[in-house]
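Written below as structure tokens is the structure these notes are about.
Numbering (my numbering), first residue to last: 284 to 776.
Structure, rendered in structure tokens:
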């Protein structure tokens with residue numbers, strides 16, 4: 284078993300793939316180095332002496348600055364290095380061409396909708412326009428589960444505290460996300476449950492939904508009904524009757540959209556799980572499919588990699604705006620832009636935001652960036668899309684779903700039970716997590732530490748994604764877990 288890895292030839296640090304005891308001998312370019320202190324799994328150690336103020340290099344790029352003299356063999360972490368990132372920056376477009384030749388066409392078994400779109404699930408979704416009716420939504424959900432029949436796979440309810448007492452862009456965010464979920468093709472039928480007096484009422488929300496199939500989407504205002512639960516159940520029965528007759532059919536992978544997300548990362552995430560997702564993303568691009576990368580604050584420090592993969596100058600400028608606008612959002616709230624990584628990230632071996640970001644962007648593979656989406660905007664262009672959303676797991680994953688992702692690939696080194704509105708594949712960066720949390724984790728990339736090749740693991744993940752798109756349930760679905768969250772930015776009245 285390989286005990287450590289130097290990711291890039293220019294790196295000044297290596298990553299421990301297992302715990303390294305003080306006194307262990309390692310080699311860098313044929314030169315023997317003695318490990319001077321115990322190094323936890325996923326953490327970094329110096330391959331050469333570094334002076335105070337010198338850049339610490341990992342992934343072939345700077346991930347921070349040495350706070351003091353660091354000797355070869357020393358543990359390199361938050362105690363002796365810091366971020367080198369600054370506020371909004373000027374960028375220069377230096378295009379790096381990358382492309383994937385189209386591969387032999389592959390298919391998944393999906394549900395074709397009347398508007399031409401395709402879903403990977405055939406569910407009934409209950410979506411409230413406002414938090415005031417959340418309890419009604421859950422009461423309807425409890426009584427709807429027993430009504431499922433035909434090809435309908437589940438009834439899902441999504442509660443949230445928004446839809447009223449919001450202003451400006453904050454209210455716009457709520458309307459766009461709700462509309463995106465209502466239009467999502469994983470739902471064979473949708474009941475939109477309103478109160479009647481809220482800001483984001485049904486009539487207002489219809490402006491954001493656009494044209495819709497009246498057989499697939501039903502609306503009910505609770506204030507207009509004598510018994511809203513009874514009336515809601517009647518509409519649910521109609522939706523199940525309609526959706527239950529739709530069967531899976533072969534669909535080319537060019538119709539598949541995956542969301543790319545990581546959370547609870549550790550020092551192995553950027554070495555195992557995230558690169559494997561990158562391979563999977565590239566394989567989908569070779570099928571003319573679509574991937575969406577988000578969590579903009581976790582691009583800080585690695586953003587130029589994405590900028591230089593933009594297909595043209597206009598997309599480059601949109602990416603620059605997306606990154607700098609998010610930095611301005613932090614500053615407008617008097618918050619430190621680089622208040623990251625999290626305590627769990629640090630415990631797992633990630634020392635700075637640059638360290639985290641360089642690992643994060645590995646999920647995007649090597650395909651060119653074909654579009655940049657605003658928060659709540661739907662995918663229009665096949666290929667790799669960048670989506671403006673924060674790093675928060677629930678908010679970002681909901682945003683991916685609302686933009687059209689059929690499935691979210693979620694890599695983690697620490698583990699989490701959360702789910703999103705769409706099937707959420709949990710991918711572990713280390714095998715210990717996979718074996719400890721079998722009820723959470725769907726796919727293990729920790730096998731790469733044992734010698735499995737990246738291309739093989741990425742290919743197996745791709746095959747698994749096709750199986751999930753064709754109906755195989757992920758762990759969170761088996762548990763009945765569903766989560767959604769909307770980006771809250773503004774004043775509450």
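Ideal Cβ placement from N, Cα and C applies to all residues, glycine included.
None of the values given here were measured: they were computed from a predicted structure.
Report back the beta-carbon spacing between residue 642 and residue 325 to the nearest angstrom; my notes put them in contact at under 8 Å.
The residue you call residue 642 lines up with position 359 of the chain shown. The residue you call residue 325 lines up with position 42 of the chain shown. No, residue 642 and residue 325 are not in contact; Cβ-Cβ is about 11 Å, not under 8 Å.
Within 10 Å of its beta-carbon, does residue 354 have 16 or more other beta-carbons around it, so buried, or fewer, so exposed?
Position 71 of the chain shown, counted from the first residue, corresponds to residue 354. Classification for residue 354: exposed.
Just checking my contact of residue 531 with residue 445 at CB under 8 Å: how many whole Å lie between their CB atoms?
Translated into the one-based positions of the chain shown, residue 531 becomes position 248. Translated into the one-based positions of the chain shown, residue 445 becomes position 162. 34 Å between Cβ atoms; not a contact.
Expressed to the nearest angstrom, what Euclidean distance is found between the alpha-carbon atoms of residue 358 and residue 767?
Position 75 of the chain shown, counted from the first residue, corresponds to residue 358. Position 484 of the chain shown, counted from the first residue, corresponds to residue 767. Approximately 39 Å between the Cα atoms of the pair.
For residue 379, which residues of its own chain have a beta-carbon under 7 Å away from its beta-carbon, when the five flanking residues on both sides are left out?
For the purposes of this step, residue 379 is taken as the residue at position 96 of the chain shown. Once the five neighbours on either side are set aside, the close Cβ partners of residue 379 are 591, 592.
6 Å CB neighbourhood of residue 553 in its chain, flanking five on each side removed:
Along the chain shown, read from residue 1 onward, the residue named residue 553 stands at position 270. Excluding positions up to five away in sequence, the list reads 642, 645.
Where the beta strand (DSSP E) containing residue 522 begins and where it ends:
Residue mapping note: residue 522 aligns to position 239 of the chain shown, counting from 1. Per DSSP, residue 522 belongs to no beta strand (DSSP E); it is in the alpha helix (DSSP H), 511-526.
Distance check for residue 442 and residue 548, CA to CA, integer angstroms please.
Along the chain shown, one-based indexing puts residue 548 at 265. Along the chain shown, one-based indexing puts residue 442 at 159. So the alpha carbons of these two residues sit roughly 28 Å apart.
Extent of the continuous alpha helix (DSSP H) run through residue 588
Reading the chain shown from its first residue, position 305 is the one you call residue 588. Residues 586-590.
Going by DSSP, which residues form a beta bridge with residue 365?
Position 82 of the chain shown, counted from the first residue, corresponds to residue 365. Beta-bridge pairing links residue 365 to 348.
When you compare the region 284-301 with the region 729-743, are there three or more beta-carbon pairs, one atom per stretch, that lie closer than 8 Å?
yes
Among the candidates 411, 376, 535, whose CA atom is the shortest distance from the CA of residue 480?
Position 197 of the chain shown, counted from the start, is the residue given in the question as residue 480. It is 411.
Starting from residue 683, follow the alpha helix (DSSP H) in both directions and report where the run begins and ends.
Here residue 683 corresponds to residue number 400 of the chain shown, with the count starting at 1. Looking at the DSSP string, the run of the alpha helix (DSSP H) that includes residue 683 is 676-685.
At least one CB of chain D closer than 8 Å to the CB of residue 651: is that the case?
This model lacks chain D altogether, as it is built from one protein chain only.
Quick one: measure Cβ to Cβ for residue 543 and residue 575, integer angstroms, because I've assumed they're closer than 8 Å.
Position 260 of the chain shown, counting from 1, holds the residue named residue 543. Position 292 of the chain shown, counting from 1, holds the residue named residue 575. That pair is a contact at about 7 Å.
Distance between residue 719 and residue 665 (C-alpha atoms, nearest Å):
Position 382 of the chain shown, counted from the first residue, corresponds to residue 665. Position 436 of the chain shown, counted from the first residue, corresponds to residue 719. About 37 Å.
State the Cα-Cα distance for the pair residue 693 and residue 509, rounded to the nearest angstrom.
For the purposes of this step, residue 693 is identified with residue 410 of the chain shown, where counting begins at 1. For the purposes of this step, residue 509 is identified with residue 226 of the chain shown, where counting begins at 1. Rounded to whole angstroms, residue 693 to residue 509 spans 43 Å at the Cα level.
Does the region 668-686 touch the region 601-608, meaning 3 or more C-beta pairs lie closer than 8 Å?
Touching, per the Cβ criterion.
Can you tell me whether residue 616 is buried or exposed, with buried defined as 16 or more other CB within 10 angstroms of its CB?
Counting from one through the chain shown, the residue named residue 616 turns up at place 333. Exposed, by the Cβ-count rule.
Compute the Euclidean distance between the alpha carbons of residue 396 and residue 702, then round it to the nearest angstrom.
Counting from one through the chain shown, the residue named residue 396 turns up at place 113. Counting from one through the chain shown, the residue named residue 702 turns up at place 419. Approximately 24 Å between the Cα atoms of the pair.
Alpha carbons only, please: which of 329, 366, 489 is nearest the one belonging to residue 346?
As a working mapping, residue 346 is identified with position 63 in the chain shown. If we check each option's Cα against that of residue 346, 366 comes out closest.
Between residue 753 and the rest of its own chain, which residues show a CB-CB distance below 6 Å, the 5 nearest in sequence each way excluded?
Translated into positions along the chain shown, residue 753 becomes position 470. These residues qualify, in order along the chain: 391, 392.
Where do the ends of the beta strand (DSSP E) carrying residue 394 lie?
Here the question's residue 394 lines up with position 111 in the chain shown. Segment 390-395, the beta strand (DSSP E) holding residue 394.
Hey, could you find the ends of the alpha helix (DSSP H) residue 801 is sitting in?
What the structure shows of the chain is the stretch from 284 to 776, and residue 801 is not part of that stretch, so it cannot be assessed.
Identity of the residues DSSP links to residue 476 by a beta bridge:
In the chain shown, residue 476 corresponds to position 193, counting from 1. DSSP lists 411, 503 as partners of residue 476.
Alpha carbon of residue 320 to alpha carbon of residue 307, nearest angstrom
Along the chain shown, read from residue 1 onward, the residue named residue 320 stands at position 37. Along the chain shown, read from residue 1 onward, the residue named residue 307 stands at position 24. Cα to Cα, the separation comes out at about 9 Å.
Can you tell me whether residue 341 is buried or exposed, with buried defined as 16 or more other CB within 10 angstroms of its CB?
Taking the first residue of the chain shown as 1, we reach residue 341 at position 58. Label assigned to residue 341: buried.
For residue 417, report the span of its alpha helix (DSSP H) as first-last.
Counting from 1 along the chain shown, the entry for residue 417 is found at position 134. Here the alpha helix (DSSP H) through residue 417 covers 417-427.
Excluding the five sequence neighbours on either side, which residues of its own chain have a C-beta within less than 6 Å of the C-beta of residue 290, listed in chain order?
Within the chain shown, residue 290 is the residue found at index 7, counting from 1. Within the same chain, residue 290 has close Cβ partners 342.
With DSSP run on the structure shown, which of helix, strand or coil describes residue 456?
On the chain shown, position 173 is the one that residue 456 refers to. If DSSP states are grouped into helix, strand and coil, residue 456 belongs with the helices.
Taking the alpha helix (DSSP H) that residue 317 falls in, what are its first and last residues?
Here residue 317 corresponds to residue number 34 of the chain shown, with the count starting at 1. Here residue 317 belongs to no alpha helix (DSSP H); instead the beta strand (DSSP E) covers 314-317.
Beta-carbon gap between residue 406 and residue 471 smaller than 8 Å
Mapped onto the chain shown, residue 406 falls at position 123. Mapped onto the chain shown, residue 471 falls at position 188. Against a cut-off of 8 Å, the Cβ pair of residue 471 and residue 406 comes out as a contact.
Neighbourhood of residue 660 by C-beta distance below 6 Å, restricted to the same chain and skipping five residues each side:
On the chain shown, position 377 is the one that residue 660 refers to. Closer than 6 Å at the Cβ level, and outside the excluded window around residue 660, lies no residue.
Alpha carbon to alpha carbon, how far is residue 606 from residue 596?
The residue given as residue 606 occupies position 323 in the chain shown. The residue given as residue 596 occupies position 313 in the chain shown. Residue 596 has its alpha-carbon roughly 15 Å from the corresponding atom of residue 606.
So the alpha helix (DSSP H) residue 643 belongs to, where does it begin and stop?
On the chain shown, position 360 is the one that residue 643 refers to. Note, residue 643: alpha helix (DSSP H), 636-643.
Given this structure, state the Cα-to-Cα distance separating residue 569 from residue 385, to the nearest angstrom.
Translated into the one-based positions of the chain shown, residue 569 becomes position 286. Translated into the one-based positions of the chain shown, residue 385 becomes position 102. Straight-line Cα distance between these residues: approximately 4 Å.
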